[in-house]
Each structure stands twice: as structure tokens, then as C-alpha cells.
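Chains A and B are the protein sequences, given in the same order.
Under this note's numbering, think of the first position of the first sequence as 686, with each following residue one higher.
Under this note's numbering, think of the first position of the second sequence as -18, with each following residue one higher.
First comes the structure, then the notes that go with it.
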Amino acid sequence: MAVIVAEHISKSYKDVPALTDISFAIENGELFGLIGPDSAGKSTLFRILTTLLLADHGQGYVAGHHIVDEYKEIRKKVGYMPGRFSLYQDLSVEENLSFFATIFGTTIKENYNLVRDIYVQLEPFKDRPAGKLSGGMKQKLALCCALIHKPEVLFLDEPTTGVDAVSRVEFWDMLKKLKEKGIAILVSTPYMDEATRCDRIALIQKGKILSIDSPQQMIAHFNKPLFAIKTRKIYQTLSVLRRADFTYSALPFGEYIHLTTTQPVVASEIKAYVADNGIALEAVLPIEASVEDIFLDLSKTLETQSL
Amino acid sequence: MSQKFSLYNDLTVGQNIRFFWRYLWFKHEKDQRKNPGDPYGARSAICGQKTSGGLAFRMETTPGFCSVYGPHDVLDYAKDNSSSTQLIYHLQSSGHFTLNTVLSSEKEMEKGFKEGTTKLVVVIPEDFDSDLYNGQDITIQLITDGSDPNNANTLLQYATTMLNDFRQEQLQKESSPFQIQVESRMLYNPQLASAYTFIPGTIALILLIVCAMLTSLTIAREKELGTMEILLVSPLPPLLIILGKVTPYAVLAFLDAVLILLLGYFVFKVPVLGSVVLLLFCCLPYVLVGLSLGTLISTRSTSQQQAMMSSLMGLMMPSLILSGFLFPLSSMPRILQFIGQLIPTTYFIEILKGIMLRGVGLQFIYIEVLVLLGMVMILLAFT
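Below, the structure written as C-alpha cells:
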């Protein structure tokens, strides 16, 4: 049974469209990632689904309830963690947790088993004001608070933004455990590398969903040849490659350049072409696409379509 | 660029950029000053002048006290007497006084004060007429409502001047020289102690600060920090959230009111002639007005600063100036009087003075209480 359903949801702020025709369905016990850059409309979608904002068009159902008509039921069943740290900074860790337990009509003890794994990490700091915690700890506490009433659905808006790499990995491990307990999780993130940790992902850009699939399927379906090119002169190489006939796109990727081609070519051809233009390449390797490659490819397609 | 987002949240993107750009330009200007002959120096100086203006206030004194309107009763012991009637006409001729009732005995006097319809009572002695012709000294008593000392003083001065005027006029007609002595009495506040106005006024203001300002601030704070969002997603109904925010301040306001009353009674010797229970009961509608004003402000504002400015400018200043607490409302230009009528504090101070100083019961102040309750209804409908 689908726990979160969005049907053709659209929303604009004055004249600026934030979301256009968003539709998806999230199954029970699924970890669903909403992947997109800042200002893609992720938070707006969260606010609509958590009944904080009304959509201009379209319907939505969360835990079997309509997001407008039965918003009171939904509010009992969801856990929401906004993108901004939104706990009481002057209350201690423990006080925050018991406060949120109380407003949901429960106690820490009752649902302790659900938050135990996370809370043990916070335990040493339980008397510290929430505002003085580190970024990762804050997010863990916020997750605890969102979980304390045993929600059926979790909405996590950019939980790993501003969190260090180690804490991010830990955080995703926690989400995996929660998922195994049967909680449907909708999580948004601007980090493409986190996408593979989700069961399914929706790539979102400028208020439109580009693609919905499992990350593995998405990668398997990517059919353009892709090369990672290592060079010392990234800028010059880029401009040379972009003039080449076989190039579909050439984008800098850290210390590499990722090149997708319109026709099948072999690594030596690329090397030879660039060498003709006076630049020596250190390495050209055919690689498998990452979610980021797919995202960039899809948003390029979207742009060319809209032009 | 620090880890925490450190731009001005309430400025738009463009405003932020302009702000920091100007800041950098100032630095640039400073550097340029060290090297004269720069091409931009003059232009940046102009720019600096424009921005450094900041907030400049110009306060102009309003031409106040231009008219004192004092409804007055006349206790005329020298009834049906031509010269006392003349005196009464003379008092009215200025336009500052209007005749309310001609009283027959001293007992009726207080009723007008308690109802608030009378501000001044002129007591004309029985043998006014004969004394006038015989050239004997006459003593006329002026009784005012001392629970509003500012107003009472002004009225006394006006009336005394008018009486002396009357004497001058009579002197031209009659040859007999006589003196009019004015004996004034301040009812309810014989020593004209300022504490008598300040205690009720302070109660009214502090209740307003606690109820309206703190409430609006605390709700705006929740909004600013984002905690409001989480609370809204919880099963708590929004009304309950607001109530939960507001109740502590209501309790605090009541405690404050009691504290000020006690201080007033023991330290400043301000009596509470009326019923204390009624007094506290009357705080209720006022506290409700304050709380609903506070929530109204907080729903309209997005940041604490905005909430604070709007409650300061929109509530505290007018309540301080236009409620009749510091300056008598009746001597203000009509438009300000009208605004004063819209301010809840005006009514509440009336109620407090009525109960504390004049010892009146509910039947004399029910209009004010009803006005306050009406305000609560209107404000709640708006929020």
C-alpha cells in the first residue's frame, strides 16, 4: 500500500512556479529520496505533504489520509524534521525530547526502543542545551524528536546538510534501521552521492521531477558512453572537448572531467583528438555513471527542451 | 563567510547585496582618502551621506491645551437669584464649561463625579446676592475630581480666572468693592498626589506590556526559530498552541497587577475604595484585549524585531500619550481625542480610577467594561 501519494501537485509563489505537476507514490517501509539542488522545490513539497502549506493544484495522501481534508489525522501520524534546526535551543537535549513526547501525548519510555540507537549517542550530552550541540548531534536530536511518537511516516528535509561526512554516513545507517522497522521515509538531500542509499529516488529540478526510479535502475538505464578524463589543464581541455563533434557534454567533476558522447568512441580517439589541440591527457577511462551524471544529463535535456 | 548563515534574514537578496556592497565601498572610500586624487572619492562621499542618515526623529510639540471642556454642576444655594444666575451664565460664556445640572444639595454632588459626567462643581453661597451688593467678601467653592489631577488643575485655573473676570465686570457696574475668594477642593485626591494617577496608569501600561508586547514577541520568536513549524505539524490544535503561549503571560499580568496594587497601597498610600474583587475582575477584559492584540501583531509580523516595533509604536506610545494617563485627553485636538477613544488603555484607566479612587461599583463603569469586551471580540475576529 502506498503511504505517501502525490498526484499532480503544483504550487507557485506569486508568479514564480515552485512545483509543477509532481506525482509519485511511496510504499510502506520504503526509503525514498528526493534529490535536487537548492531551490528545486524540495522544501515546498515537504511543507505541502506535512499539511503546512496548501497546494494550488493536485491531491495528496499521507498514511491514507487526504492532506487537506484530514490534516488532523496526518498530524498524529507523521514525524517531520524541517530543513532548519527547529528545536528549542535553550532547552537541554533531554528536555527537548520529553517536550516533544508530551505534545504528541506519549512518553520517552513508551517509545524508547525506537530512538534508543540514536539516543545512546546523545546520552553523554543530555544536559547540554540543544543550541550548543554540534551540527551532526543537532540533527540526531531532531531525528529523535521526530521519532518519539512512533510515526508511520517520516519527513526529513535535508537532514544531512551541514553535517560532516562521518555523521552523514551514521545518519543514513540510522535511516536504514528505521526503514526496517516499517516506517516509510521521505528524505530530501542536495548531495547526489547519498542517492544510492535510498530504495528509490526522484530527481527534482526547478519544481519538476526529472525521473523516478531506484538508483541502480537509473544507472543501468543510462545509455550514453561516459568517460572520466584526467588532465592538468582542466579549463583548456574543457573548451577543446566542447568543440568536438562526438561530445554531448563535458563537465568538470572534481579533478576529473566527465565526458558523455553522442556516438560510441574509444578512449584513444579522445586522447588523440585532444592531443591534436596541443593538450596531453593523463588518463581517459570509460566509467559507469553516477547519480550526479544522470542528474546533470537530465537537467541538460530539460534545458534544451525548454529552449 | 561563517558556517552559520549570517546575512540579514529580513532583507531581500538584492538589499543584502547592496548593503554589503556599500559597506565595502565605505572601506574603499577610506582607502581612497589616503591617496588623494581618486576618481571615486566624491561620488562615494555622496553615497555615504545618503546611507548614514539612519533614523532621524523630529518631534514637534502639538499645540495642546487649547480647549478645556469641563461639564460642570452648579450647587446654587442662592437659588433664583439674579446675580448667581449671572455668574452661571458668565462661566458658560467662555465655551469652556457647560452646565450639567443645578444641584439642590451637597449629597447629589458625588453622583456626577462617580458617573464621570461632572468634572467641576461650583458652590455658590446662600447670601451671594446680598453680599455682592453689600460689598462683602464672597467665598465660592470649586470642587473638582482629583482622581485626574492634571485635568482638575486646569479646570480650577480656568474657573478661577472666569470668577475674577466676573468680579471685574461687576465692579464696573457697582460701586461697592468686593472680593471673590475661591476655595478649591480636590475630591478623592485632596493632596493632589501624583501617585493617585500613576498607580492606575502603571497597572494599565504594565498589563499592556506583559500581555500584548511579550505575547507578540514570544509567538514571533517561535516563528523565527522555526519551532512553530514543528508544533503545527503536531496533533496539537493551533488554538491550543496559542493558548499555551498566552496563559503564562495572563497569569503574570494578574500577579503584576496585584503587586502594583499592594505597592500602591502600602508604599504610596493609594487607597482602593471600591471592591478589590471587582477591580481584578475588570482586569480580565483588559488582559484579554492585550493578549488578542499581541496575537494579532504576531500573526502579522514575521520577526521578533518587527513584532517589537509594531507593539512599541502601535501600542505603547499611543497608550502612554493618548490614554489620558499623562496628558488630559479632553484638552487635545479632536482627532487625537478620537484616537484616544480607540485605545483600550483609556477605558481601563477610567475603570481603575473609578474603582480605586472613587469607590464606584459596576453600575458606573459597565460601559467601559462593555467597550473592552467589544474590543476583544473584534480583535479575535481579526486574528
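Here a beta-carbon is modelled for each residue, glycine too, at the ideal position from N, C-alpha and C.
Taking only beta-carbon atoms, is valine 688 (chain A) less than 7 Å away from chain B? Locating residue 688 (chain A) in the first sequence gives position 3, where the first residue counts as 1. Not closer than 7 Å to any Cβ of chain B, the Cβ of valine 688 (chain A) fails to qualify, so no.
Could you give the uninterrupted runs of the alpha helix (DSSP H) lying entirely in the region 911 to 972 of chain A, keeping only those of 4 residues or more? 919 to 928 and 952 to 961
Distance check for lysine 334 (chain B) and valine 268 (chain B), CA to CA, integer angstroms please. Counting from 1 along the second sequence, the entry for residue 268 (chain B) is found at position 287. Counting from 1 along the second sequence, the entry for residue 334 (chain B) is found at position 353. If you take the alpha carbons of valine 268 (chain B) and lysine 334 (chain B), they lie about 17 Å apart.
Pull up the distance between the alpha-carbon of isoleucine 889 (chain A) and that of glutamate 692 (chain A), whole angstroms please. As a position in the first sequence, residue 889 (chain A) is number 204, starting the count at 1. As a position in the first sequence, residue 692 (chain A) is number 7, starting the count at 1. Going from the Cα of isoleucine 889 (chain A) to the Cα of glutamate 692 (chain A) covers about 15 Å.
So, for glycine 718 (chain A): in the same chain, excluding its five sequence neighbours on each side, which residues have a beta-carbon less than 6 Å away from its beta-carbon? As a position in the first sequence, residue 718 (chain A) is number 33, starting the count at 1. The residues are Val872, Ala880, Cys883 and Ile886.
Can you check which of these residues, B:Pro266, B:Gly76, B:Leu303 and B:Leu198, is closest to leucine 277 (chain B) by C-alpha distance? Here residue 277 (chain B) refers to the residue found at position 296 when the second sequence is read from its first residue. When only C-alpha atoms are compared, the closest one is B:Leu198.
Would you list, in sequence order, the uninterrupted beta strand (DSSP E) runs of no fewer than 3 residues that lie entirely inside the region 163 to 230 of chain B? none
The ligand FMN heavy atoms versus the CB of proline 106 (chain B): any closer than 6 Å? Summarising the ligand content, the structure contains no ligands, and the ligand FMN is consequently not present.
Just the chain D side, please: which residues come within less than 7 Å of serine 771 (chain A) by C-beta, in chain order? Absent from the structure: chain D. Protein chains present are A and B.
Residues of its chain near glutamine 744 (chain A), where Cβ-Cβ distance is below 6 Å and the 5 sequence neighbours each way are ignored: Position 59 of the first sequence, counting from 1, holds the residue named residue 744 (chain A). Correct list, in chain order: Glu692.
Quick one: measure Cβ to Cβ for valine 253 (chain B) and methionine 167 (chain B), integer angstroms, because I've assumed they're closer than 8 Å. To locate residue 253 (chain B), count along the second sequence from 1; it is residue 272. To locate residue 167 (chain B), count along the second sequence from 1; it is residue 186. In fact, because the Cβ distance is near 18 Å, the residues do not count as touching under 8 Å.
Reducing DSSP to helix, strand and coil, say where histidine 834 (chain A) ends up. Locating residue 834 (chain A) in the first sequence gives position 149, where the first residue counts as 1. Of the three classes helix, strand and coil, the one that applies to histidine 834 (chain A) here is coil, per DSSP.
Any idea which residues DSSP pairs methionine 766 (chain A) with across the strands? As a first step, residue 766 (chain A) must be located in the first sequence, where it is residue number 81. Answer by DSSP bridge pairing, in chain order: A:Leu841.
Residues in the same chain with beta-carbon distance under 8 Å from glycine 820 (chain A), minus the five sequence neighbours each way, listed in chain order, please. The residue you call residue 820 (chain A) lines up with position 135 of the first sequence. Closer than 8 Å at the Cβ level, and outside the excluded window around glycine 820 (chain A), lie Gly847, Val848, Asp849 and Ser852.
For the beta strand (DSSP E) that glycine 745 (chain A) lies in, which residues bound it at each end? By one-based count along the first sequence, residue 745 (chain A) stands at place 60. From DSSP, the beta strand (DSSP E) with glycine 745 (chain A) extends over 742 to 747.
Tell me where the beta strand (DSSP E) around valine 872 (chain A) begins and ends. Locating residue 872 (chain A) in the first sequence gives position 187, where the first residue counts as 1. Looking at the DSSP string, the run of the beta strand (DSSP E) that includes valine 872 (chain A) is 869 to 874.
Give the DSSP-derived three-state secondary structure of tyrosine 114 (chain B) in the structure shown. The count along the second sequence starts at 1 and reaches residue 114 (chain B) at position 133. Correct three-state label for tyrosine 114 (chain B): helix.
Status (buried if at least 16 other CB within 10 Å, exposed otherwise) for leucine 220 (chain B): In the second sequence, counting from the first residue as 1, residue 220 (chain B) sits at position 239. Exposed, because fewer than 16 other Cβ atoms sit within 10 Å of the Cβ of leucine 220 (chain B).
Could you give the distance in angstroms between the alpha-carbon of leucine 101 (chain B) and the alpha-carbon of isoleucine 121 (chain B)? Looking up residue 101 (chain B) in the second sequence gives position 120. Looking up residue 121 (chain B) in the second sequence gives position 140. Distance between the alpha carbons of leucine 101 (chain B) and isoleucine 121 (chain B): 13 Å.
Short CB-CB distance (under 7 Å) between phenylalanine 931 (chain A) and chain B: In the first sequence, the residue the question calls residue 931 (chain A) occupies position 246. No - not a single Cβ of chain B is within 7 Å of the one on phenylalanine 931 (chain A).
If I follow the unbroken beta strand (DSSP E) through glutamate 692 (chain A), where does it start and stop? Here residue 692 (chain A) refers to the residue found at position 7 when the first sequence is read from its first residue. From DSSP, the beta strand (DSSP E) with glutamate 692 (chain A) extends over 687 to 698.
Reduced DSSP secondary structure (H/G/I, E/B, other) of serine 48 (chain B): Locating residue 48 (chain B) in the second sequence gives position 67, where the first residue counts as 1. Any reading at serine 48 (chain B) needs caution, since the residue's pLDDT is 32, under 50, leaving its predicted position unreliable; the model's value is listed next. Correct three-state label for serine 48 (chain B): coil.
Where DSSP assigns a beta bridge to lysine 893 (chain A), which residues make up the other side? Taking the first sequence and counting its residues from 1, the one referred to as residue 893 (chain A) is at position 208. Paired residue(s): A:Gln890.
From serine 74 (chain B) to phenylalanine 235 (chain B), what does the alpha carbon distance come to, in whole angstroms? Numbered from its first residue, the second sequence carries residue 74 (chain B) at position 93. Numbered from its first residue, the second sequence carries residue 235 (chain B) at position 254. Computed Cα separation, rounded: 47 Å.
The region 945 to 966 of chain A: positions lying closer than 7 Å to chain B by Cβ: none
Where does phenylalanine 249 (chain B) sit, in a helix, a strand or coil, going by DSSP? Taking the second sequence and counting its residues from 1, one reaches residue 249 (chain B) at position 268. Correct three-state label for phenylalanine 249 (chain B): coil.
Looking only at its chain, what residues have a beta carbon closer than 8 Å to the beta carbon of glutamine 162 (chain B), apart from the 5 residues adjacent to it on each side? To locate residue 162 (chain B), count along the second sequence from 1; it is residue 181. Excluding positions up to five away in sequence, the list reads Asp118, Ile119, Thr120 and Ile121.
Are the beta-carbon atoms of serine 894 (chain A) and isoleucine 720 (chain A) separated by less than 7 Å? On the first sequence, residue 894 (chain A) is found 209 positions in, with the first residue counted as 1. On the first sequence, residue 720 (chain A) is found 35 positions in, with the first residue counted as 1. First, the amino acid is wrong: residue 894 (chain A) is isoleucine here, not serine. No, these two residues do not count as a Cβ contact at 7 Å.
Cβ-Cβ separation, lysine 226 (chain B) to threonine 283 (chain B) (assumed contact under 8 Å), whole Å: Your numbering for residue 283 (chain B) matches position 302 in the second sequence. Your numbering for residue 226 (chain B) matches position 245 in the second sequence. The pair is not a contact, with the Cβ atoms about 17 Å apart (cut-off 8 Å).
Roughly how far, in whole angstroms, is the beta-carbon of tyrosine 230 (chain B) from the beta-carbon of leucine 195 (chain B), given that I think they are within contact range, below 8 Å? Stepping through the second sequence from its first residue, residue 230 (chain B) is reached at position 249. Stepping through the second sequence from its first residue, residue 195 (chain B) is reached at position 214. Confirmed, Cβ separation roughly 5 Å.
Amino acids of chain B, ordered along the chain, whose beta-carbon sits closer than 8 Å to that of valine 763 (chain A): Here the question's residue 763 (chain A) lines up with position 78 in the first sequence. Correct list: Val214.
Identify the contact partners of proline 767 (chain A) in chain B, using a Cβ-Cβ distance below 8 Å as the criterion. For the purposes of this step, residue 767 (chain A) is taken as the residue at position 82 of the first sequence. Those are Gly207, Glu210 and Ile211, listed as they occur along chain B.
Would you verify that the beta carbon of arginine 853 (chain A) is, or is not, closer than 7 Å to some beta carbon of chain B? Against the first sequence, residue 853 (chain A) aligns to sequence position 168. Arginine 853 (chain A) does not count as touching chain B.
What would DSSP say about serine 304 (chain B), mapped onto helix, strand or coil? Residue mapping note: residue 304 (chain B) aligns to position 323 of the second sequence, counting from 1. Of the three classes helix, strand and coil, the one that applies to serine 304 (chain B) here is coil, per DSSP.
What residues from chain B crowd round leucine 685 (chain A), counting only those whose CB sits closer than 9 Å? Here chain A has residues from 686 to 992 only, and residue 685 (chain A) is not among them.
Using a Cβ distance threshold of 8 Å, determine whether the region 857 to 867 of chain A contacts the region 949 to 962 of chain A, with at least three qualifying pairs required. no
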